[in-house]
Every structure is written in C-alpha cells, then in structure tokens.
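Enquirer:
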Amino acid sequence: MSDLPRVLVIDDEEAMRESLAAWLRKEGYRVSVAPDGANGLAQMGEGSFELLLVDVKMPGIDGLTVLERALAAKPDLPVVMITAYGSIESAVAAMKMGARDYLLKPFDPEQMLLVIEKIVRQEELVRENEALRERIRQSAREGMGDLVAGSEVMIDVLELIRDVASTDSAVLLTGETGTGKELAARAIHSLSPRAYGPFVVINCGALSETLLESALFGHERGAFTGAVAAQRGRLEMADGGTLFLDEVGEIPTKMQMDLLRVLEDQQFTRVGGTKPLRSDFRLVCATHRDLPARVKSGEFRADFFYRINVLEVRLPPLRDREGDVELLAEYFVEQIALKLAKPITGFTPGAVRLLRGYAWPGNVRELRNVLERAVVISRSDRISERELTFLAPEDPVESLPLTLREAEIRHIQRALDAEGWNITHAARVLDVDRVTLSRKIKRYGLSRET
Amino acid sequence: MGRVPAMACAVVAANLQAVLGLPTDVVATQAPPPEAHLRARGQHDAAPILTALRGEALPPRVRVGVTALDLCLPILTFVYGEALVGGRVAVVSTARLGPRLGQSPAGSPENPGRLLERLAKVALHETAHALGLGHCRADGCLMVFSAGLDVLDSLGLVFCPACERQLVAGRQSLSYPSR
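Written as structure tokens, this is what we have:
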C-alpha cells in the first residue's frame, strides 16, 4: 500500500493522536504525528504530506490557523478537521475555509473509514485525471507550438487543426479577438506537408486599400508614386507555402473579386505589371467578424466567402475554455519571468481566484498582457491579488452603462488607489507614460478623496 | 477478562488453532486494569488492557484477551477488538457482536452461533494484527477492516494469499511449529 497518502495527524491530546495514528498505520498509511499546531506546520515545511487530520481546538496555533496556512502553501491539500461535539461551528467554518470534511470525536468507525476513503479515492481520481489530461495534451500539443490547451473544447480544436492541416483546402479561422487565430494558422502550416515552405502573413485590417493591394500582389517599378523599385507581393512570397490573411473580413469588396480570380485561375499580375505570375500556396484566413451576416448584408462577397471557407475552425473565447486560464497563466508567467529574469514561481490562491473569475473579453492576448504587467510590478516570488486588482469584480451597483470618459476616470482612479497614488507605478500598470497620466489626473480633477 | 462464558473462550481457542495453526491454551481469568475504565463513556479503553496483557517485554506467545466489556479507543466510539501490531497482544469483545451470550431474549432473530462466529472472526483478525499484519483490501480477506457487522458477516474464515504469506512469517517468529 505504498501509494497511500502520507498523513500528518495534529492533535494536542496524546491518546487521540496516537490511537488515530495506530489505526491509520494498520490501514497502511505512512503517518507522522504532531502534538501542536506549531510542530505540525514545521513538519509540513520539511516534508510532504498528502492528507492532514487536524484537531480544531488546540492551545497556541489552533486548527483553523493550521488549515489556513496549510492551504496557503498547498491549496489542493486535503484537510480533515477533528472536532469535539461542542465546537461544530468551528468545523463548519473550517469547511468554508476549504477543509474537505470534519469528524466528530470519538469517531464512529464506519464514518471515519468513509471520510478517509472518500478523500483518498478523490485524490486518486484527480491524479488519474491529470495524468490522462496530460497525455491528451501532449498528444494534441505535438506540433502546436504555443497553442496551450487542456480544456476539452480546446483539445477538440487542436484535433481539428491536426485534421485540416493534412489537407490543402482553404481554412477559415473564426473567433473573438485575442483567441489565438494566428497561432492556429501557424500550427496548421507546421503540421501540413508545406511545413518546410514559407508562412506568409498579412493583416488586411492594418493597411489601406492601396497598400493592401501592393502588399498582396506586389508592384512593378513606377506603378505608383514612390514605387522606385519592383517589389514582390505576399502572393509570390507564399509560393510553396501558406498564405495567412488575417482580418480577411476587412478586405474591400473589389479586392475580394481580384483575390477570388487569383484563387480560381492560380495566376495574377503585380500592380502596374503585365507579366502573369503563378504561385502555389495554401490559403488560411482569419476573422473576428460575422462573415455570414456580412454576406447577407452585401458587405462581403458570397462567392469569395465560400472560396475561403472550405473548412472552418472556430477558436473558442477564453471564458469557454474551462481550466485553460490557469494553464495559460502558468505558461505565460514562466515565459515572461524568464525573459525578465524575475524569480516568479506561481500564484497565490487569491490571484488564481481572480484569474478564474474574470471574463477575459480580450481573451488570451489580454491574459498575456495582464500577466506581463503583473510580472513587471510583482515584488515577491508569487503573483498575488495586488498585481491583479483590475480583475476584481465591480460593485454590482456600479455596473450601469458608462460613457467612455466615466469608464476611463474610474479605471484610472482604481489604478491610482491600488498603487497608493504612486504615479510612476500606476502609469506602468495602465501602460501609459507618466506625463500622460499626470495630464489625465489634472484634466479629470482626480484626487485621493475622489 | 472479566465475566465471559467459557464457550466464548473455547471458540476463540479452537479457531486460533484451526485457522492460524497456533496451539492455544485458555488461562485463568484476569481483571481489566482500572485505568481502562472510561467512566464518562461507560466503556473500556482497549489500549491500557493491551498494555496490561503485554507486560514488561514482548511475550513469547500471542496473548488474546476475551471480554464482554464494551471496548473503545479514545478516537473511536467502539471497537470489536484491538491489538498491538506485531506486539503479540490482542483483546476482543463480545459486547457489540449481538445479544449477550446466555441471555438471548426468547424469539430474538440473533442466534448464539452467529455471535460466536463473529467473535471467532474478530479474534483471528486481531491475532493476525498481533503477528504483524496490517489491514487488507482484498475482497473477503479477514484482514479487511470491519466498520460494521454487515461487513464482518460477509467475511469468511479465510485470509487472502498475501496475508497468508505474512502469517507464515509472523508464526515463524514465535516458537509454534509451522503448519
């Protein structure tokens, strides 16, 4: 029974402590005992225990304090409180603090067995589940680069990416801003037979129509003012590889027609040129827009839509990816801390709660930005609530529709309050320079008493 | 220990011999130590009884106390029996195994045979502890922890192969002949 948890029994009554330890040892558990809270915490600091049995009422450091400190160090540690009949309220309080269960001493043997066995079984299931999820994640992750996923919904997406990658069909990636569409496009490319060819990106929303045309098709010398030399376009550069059109929904209708012709005839000319050019590429597009609705309203060509939407992969918003916030947070913090050479090892339980409870309207990109700020301003080895104050839920009374100005004032005020009105720190958190922040404080008349 | 029908001791002795292969003698009655009595709970703490049975040194043979007193541990509301693991001492009680031997109410659904069978199982279980065995999770093994009479009744008078092997080793540490 060497895979049974290592147990620590903390009780100031020797008879209770020793008889419980003796019973647990008979069951095959490896048991240590502590006569008081201080000794118990010291042992936890030195060794690793997988189950704690703690008496509620002890002189000095009592059971609730032991519980609080134990869970602060190891949030998933199962703790069972032992209580006498007169202190049931303490046991209930302990449950609210995170204890798994409580036992009334003296215990009914069947009751004790049930409680302990239930916890042991739960922990086994958690370990099995985690091991299984890790195997699935490993398998899904191979070739996925920075696409980190553990949630079922996202694992399904990774499986779909793997399936579509092996074809040469056009793929349309849809999803809210910041959900990882470019990463998914890169994963499709790296898993495809074209992995050794170029991966060429163009953000169609970032360029004017003229610049977009030139960027895509290239231009000949003299094609327009400023065209002092011929230049290859992205269509040429993508030959043998993958062309990724990000924000494809922003392409003007006329250019949609030109692109459609390219996709159908597989040939094109540069702007200002006459020589037909060919390029063999696989097309991947991405958009956060509702293209079917735009097709209906006439803003997007139906024939172009059907051409780019042979296969659709929808990237879910972060709020729908259960469990991925923590996974991604750990991944990002590790990367960022390494880059900034900061010794940050994880999160406090309060920080994890904030991360989990936030809606992440900006999705993964927002999460990464928040964490980068958090790492920069962190003063300890763990990210705490202090670095994530923006994520705390607002007072429901305040969540009425605000003007942009009101929202900005509130946001700045919160940042200043959180940073103790240290303008330099608050500016860093708000991602603006100090002068800009000072101007806004003056303009809005903000003060500590606002 | 205390007032126990001779039948109970005889059944325990017979089963220790037949199942565990331990030559067994029934010795004179011994009173439980006064410090074992928990007045507030109306029960007897098994731990001081085991200490008294053990004496100063490890006994050369296993000593099993049989009592009608209601046994408990400080941490448990009751126990059917208790032993020092590897300490060669055990104590078993009839108190919670059914109606009192010799005092079965007329028409009671319990019969003395059932009580004695339970007593035998508890004695074998605790004696095995005294020989160094821990609890077992193999279905039907006598070393499964019986939290209630339904579990106890579901067990046969058998140990699983792994526990049998440990019993052989435990017996070899005594001066009993092997089976």
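Protein chains in written order, with numbering that gives the first Met the number 0: chain A, 0 to 449; chain B, 0 to 178. Beta carbons are placed, not taken as given, at the ideal position from N, Cα and C, and that holds for glycine. Since we're looking at a predicted model, the values are computed, not measured.
(1) Applying the criterion that 16 or more other CB atoms from any shown protein chain within 10 Å of the CB defines a buried residue, is residue 14 of chain B buried or exposed?
(2) Looking at the C-beta of residue 62 of chain A, does it have a partner C-beta in chain B at a distance below 7 Å?
(3) On the three-pair Cβ rule with 8 Å, is the stretch 186 to 201 of chain A touching the stretch 151 to 163 of chain A?
(4) Taking 7 Å as the CB-CB cut-off, is residue 124 of chain B touching chain A?
(5) I'd like the ranges of any alpha helix (DSSP H) spanning at least 4 consecutive residues and lying wholly in the stretch 171 to 242 of chain A.
(6) Using a Cβ cut-off of 7 Å, pull out every chain B residue sitting near residue 19 of chain A, in sequence order please.
(7) If you run the structure through DSSP and keep just helix, strand and coil, what is residue 153 of chain B?
(8) Measuring alpha carbon to alpha carbon, tell me which residue in A/423, A/73, A/117 is nearest residue 97 of chain A.
(9) Starting from the Cα of residue 166 of chain B, find the closest Cα among B/6, B/125, B/145, B/71 and give me that residue.
(10) Given a limit of 8 Å on CB to CB distance, which residues of the stretch 75 to 109 of chain A reach chain B?
(11) Quick one: what's got a C-beta closer than 6 Å to residue 156 of chain B's C-beta in the same chain, skipping five residues either side?
(12) What is the DSSP secondary structure of residue 406 of chain A, reduced to helix, strand or coil?
(13) Am I right that residue 290 of chain A and residue 304 of chain A are in contact with their C-beta atoms under 8 Å? What's the rounded C-beta distance?
(14) Look at the alpha carbon of residue 358 of chain A and the alpha carbon of residue 366 of chain A, and state the distance between them as a whole number of angstroms.
(15) In chain order, what residues of the same chain have a beta carbon less than 7 Å from the beta carbon of residue 92 of chain A, not counting five sequence neighbours either side?
(16) Do residue 159 of chain B and residue 137 of chain B have their C-beta atoms closer together than 7 Å?
(17) Note down the Cα distance separating residue 442 of chain A from residue 179 of chain A, rounded to an integer number of angstroms.
(18) Any C-beta of chain A sitting closer than 7 Å to the C-beta of residue 36 of chain B?
(19) Count the other CB atoms within 10 Å of the CB of residue 195 of chain A; is the residue buried (16 or more) or exposed (fewer)?
(20) Please list the residues of the stretch 143 to 160 of chain B that have a C-beta atom closer than 7 Å to any C-beta atom in chain A, keeping them in chain order.
(21) Is it the case that the stretch 16 to 28 of chain A contacts the stretch 49 to 68 of chain B, given that we only count it when at least three CB pairs across the two stretches are under 8 Å?
(22) What is the DSSP secondary structure of residue 67 of chain B, counted as helix, strand or coil?
(23) Can you check which of these residues, A/434, A/183, A/302, A/261, is closest to residue 144 of chain A by C-alpha distance?
(24) When burial is assigned at 16 or more other CB atoms within 10 Å of the CB, is residue 150 of chain B buried or exposed?
(25) If you follow the beta strand (DSSP E) that residue 286 of chain A is in, where does it begin and where does it stop?
(26) Counting only Cβ-Cβ distances shorter than 9 Å, please list the residues of the stretch 51 to 71 of chain B near chain A, keeping chain order.
(27) Check whether the Cβ of residue 169 of chain B lies closer than 7 Å to any Cβ atom in chain A.
(28) For residue 27 of chain A, return the contacting residues in chain B, with the cut-off set at a CB-CB distance below 7 Å.
(29) Nearest to residue 13 of chain A by alpha carbon, out of A/211, A/379, A/54?
(30) Here's the rule: buried if 16 or more other CB atoms are within 10 angstroms of the residue's CB, otherwise exposed. What is residue 11 of chain B?
(31) For residue 134 of chain B, name the three-state secondary structure that DSSP assigns.
(32) Who are the near neighbours of residue 236 of chain A in its chain, counting only those whose CB is closer than 7 Å to its CB and skipping five residues on each side?
(33) For residue 335 of chain A, I'd like the list of residues in its chain whose CB is within less than 7 Å of its CB, leaving aside the five on either flank, ordered along the chain.
(34) Write down the C-beta distance between residue 202 of chain A and residue 246 of chain A rounded to the nearest angstrom, noting that I regard them as a contact closer than 8 Å.
(35) From the DSSP output, in three-state form, read off residue 176 of chain B for me.
(36) So is residue 279 of chain A buried or exposed if we call it buried at 16+ other beta carbons inside 10 Å?
Expert: Concretely, from the data shown:
(1) buried
(2) no
(3) yes
(4) no
(5) Fully enclosed alpha helix (DSSP H) runs of 4 or longer: 180 to 190, 208 to 216, 233 to 236.
(6) 74
(7) In the structure shown, residue 153 of chain B sits in a helix (DSSP, three-state: H, G or I).
(8) A/73
(9) B/125
(10) 104, 105, 106, 107, 108, 109
(11) 18
(12) Looking at residue 406 of chain A - three-state DSSP - the assignment turns out to be helix.
(13) 6 Å
(14) 10 Å
(15) Exclusion of the five residues before and after residue 92 of chain A leaves 63 as the residues of its chain whose Cβ lies within less than 7 Å of its Cβ.
(16) The answer is yes: Cβ separation under 7 Å.
(17) 37 Å
(18) no
(19) exposed
(20) Hits within the stretch, in order: 144, 146, 147.
(21) no
(22) coil
(23) Looking at the Cα atoms, A/183 is the closest of the given residues.
(24) exposed
(25) 281 to 286
(26) Residues passing the 9 Å Cβ filter: 71.
(27) Answer no: the Cβ-Cβ gap between residue 169 of chain B and chain A never drops below 7 Å.
(28) 133, 134
(29) A/54
(30) buried
(31) coil
(32) Apart from sequence neighbours up to five positions away, the residues of its chain that approach residue 236 of chain A with a beta-carbon distance below 7 Å are 197, 199, ordered along the chain.
(33) 370, 371, 374
(34) About 6 Å; that satisfies the 8 Å criterion.
(35) With a pLDDT of only 48 at residue 176 of chain B, under the threshold of 50, the placement of this residue in the model should not be trusted; the figure read from the coordinates follows. The answer is coil: DSSP assigns residue 176 of chain B none of H, G, I, E or B.
(36) exposed
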